[in-house]
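Undergrad: Following this message is one structure expressed as structure tokens.
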Amino acid sequence: MRKLFVKVSNGVIVSYLEAVREDWTGVSAPQGMVEITNVFNESPATLIGRTYSNNTVGNAPQSSASRRISHYQFRKRFTLQELIGMDNADLNQNIPSQTKAALKTMLKNFEAAEYIDLDNADVATGLATLEQVGLIAAGRAAQILA
Amino acid sequence: MSLLSQFSTSPIKSIQTGTVTINGGNTSDSASITAVSTSKSFVIHNGCYGSNTALADFMCSLALSSSTTVTATRSGVANTTTAAFTVVEFY
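So the sequences go chain by chain: A and B.
Quick note on my numbering: the first sequence kicks off at 1 and runs consecutively.
Quick note on my numbering: the second sequence kicks off at 147 and runs consecutively.
Structure below.
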């Protein structure tokens with residue numbers, strides 16, 4: 001007999017366990033997990049990221065692929081003035097040399113990435129750094145990631 | 147009829163598949179499973195997934211750390227990485 005268990009955090013499924021055993025007598029649910037007793041015919045892997053409440057699994061989340069954009073599409077989220085400031089940060093005497101070095105490394109990572117994932121923590125960190133050094137205004141990071 | 151009950155002479159008592167995620171900043175994290183006998187069980191590593199580019203952050207090992215826990219361990223700490231596993235228990 002097959003049973004499906006999920007771990008739920010803030011109403012969202014964060015992991016699953018699919019278990020098959022002939023005899024469930026005396027077998028408890030895994031610690032911190034709840035059993036889905038409603039019929040669920042999809043692959044358990046699709047459970048991750050979906051909402052869960054009252055033994056009901058919510059709709060599949062928006063595909064993360066839609067939050068992946070090209071380098072050009074990412075640059076188009078900045079104003080021309082911001083792009084000029086970032087592209088010529090080396091010439092900016094108001095930015096300490098150590099920060100310039102960090103920006104250079106971030107730029108290399110940006111160029112090395114196959115695509116820009118707007119949900120990747122590195123992207124948020126990079127934008128926060130740009131805000132800190134004044135290359136983009138406060139609040140722009142959130143707008144660019146939206 | 148379950149897969150196992152079709153083979154009443156099967157030496158396999160249970161099969162469990164799931165995932166374990168190591169959160170950013172951690173080198174190890176665990177996932178819960180239903181109780182198994184550790185001396186009669188083994189873990190199959192079904193691969194990792196995530197957006198890490200550094201192998202130290204992406205790759206992890208898996209171990210049956212207790213009768214109800216599978217633990218994933220990596221050498222890096224950046225971002226999250228997730229590993230899929232299968233635990234097979236024999237009679």
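We treat Cβ as the ideally placed atom computed from N, Cα and C, and that holds for glycine.
Please read all numbers here as calculations on a predicted model, not as lab measurements.
Just the chain B side, please: which residues come within less than 9 Å of residue 16(A) by C-beta, in chain order?
TA: By Cβ distance, chain B contributes 163, 164, 165.
Undergrad: Is the separation between the beta-carbon of residue 69(A) and that of residue 136(A) shorter than 8 Å?
TA: It is not a contact, given that the beta carbons lie outside the stated cut-off.
Undergrad: Output the residue ranges of the beta strand (DSSP E) runs that lie fully inside the segment 5-84 of chain A and measure 3 residues or longer, sorted by chain position.
TA: Counting whole runs of 3 or more residues, the segment 5-84 of chain A contains the beta strand (DSSP E) stretches 12-21, 34-36.
Undergrad: Would you tell me roughly how many angstroms separate the C-alpha atoms of residue 145(A) and residue 124(A), rounded to the nearest one?
TA: The alpha-carbon atoms of residue 145(A) and residue 124(A) are separated by roughly 8 Å.
Undergrad: Let me know if residue 16(A) comes out buried or exposed under the rule of 16 or more other beta-carbons within 10 Å of its beta-carbon.
TA: Label assigned to residue 16(A): buried.
Undergrad: Residues of chain B with CB closer than 7 Å to the CB of residue 30(A), please, in chain order.
TA: Per Cβ cutoff of 7 Å: 178, 179, 180, 214.
Undergrad: Residue 228(B) and residue 165(B): beta carbons closer than 8 Å?
TA: The answer is yes: Cβ separation under 8 Å.
Undergrad: Within 10 angstroms of its Cβ, does residue 208(B) collect 16 or more other Cβ (buried), or is it exposed?
TA: When all chains shown are included, residue 208(B) counts as buried.
Undergrad: How long is the line joining the alpha carbons of residue 234(B) and residue 189(B), rounded to whole angstroms?
TA: Between residue 234(B) and residue 189(B), the C-alpha separation is close to 7 Å.
Undergrad: My guess is that residue 181(B) and residue 217(B) are in contact by the Cβ rule of under 8 Å, so how many angstroms apart are they, rounded?
TA: Wrong, their Cβ atoms sit about 16 Å apart, outside the cutoff.
Undergrad: Going by other Cβ atoms of all chains shown within 10 Å of its Cβ, with 16 needed for buried, is residue 198(B) buried or exposed?
TA: Buried is the call here.
Undergrad: Starting from the beta carbon of residue 117(A), find every residue of chain B whose beta carbon is closer than 7 Å, and list them in chain order.
TA: Correct list: 197.
Undergrad: Cutting at 7 Å between CB atoms, please list the residues of its own chain near residue 74(A), excluding the five before and the five after it.
TA: Excluding sequence neighbours, residue 74(A) sits near 116.
Undergrad: For a cutoff of 8 Å on Cβ pairs, would you count residue 120(A) as touching chain B?
TA: Residue 120(A) counts as touching chain B.
Undergrad: Please report how far the alpha carbon of residue 27(A) lies from the alpha carbon of residue 98(A), in whole angstroms.
TA: Distance between the alpha carbons of residue 27(A) and residue 98(A): 58 Å.
Undergrad: Can you list, in chain order, the residues of its chain whose CB lies under 7 Å from that of residue 51(A), leaving out five sequence neighbours each side?
TA: Here the set comprises 11, 12, 58.
Undergrad: Would residue 30(A) be called buried (16 or more neighbouring beta carbons within 10 Å of its own) or exposed?
TA: Flag for residue 30(A) reads buried.
Undergrad: With burial defined as no fewer than 16 other Cβ atoms inside 10 Å of the residue's Cβ, what is the status of residue 221(B): buried or exposed?
TA: Its Cβ having fewer than 16 others within 10 Å, residue 221(B) is exposed.
Undergrad: How about residue 106(A) and residue 126(A): are their beta carbons less than 8 Å apart?
TA: In contact: residue 106(A) and residue 126(A) (Cβ atoms closer than 8 Å).
Undergrad: DSSP on residue 98(A), reduced to helix/strand/coil?
TA: Note: residue 98(A) maps to helix in three-state DSSP.
Undergrad: In angstroms with no decimal places, state the Cα-to-Cα distance between residue 72(A) and residue 203(B).
TA: In a straight line, the C-alpha of residue 72(A) is about 28 Å away from that of residue 203(B).
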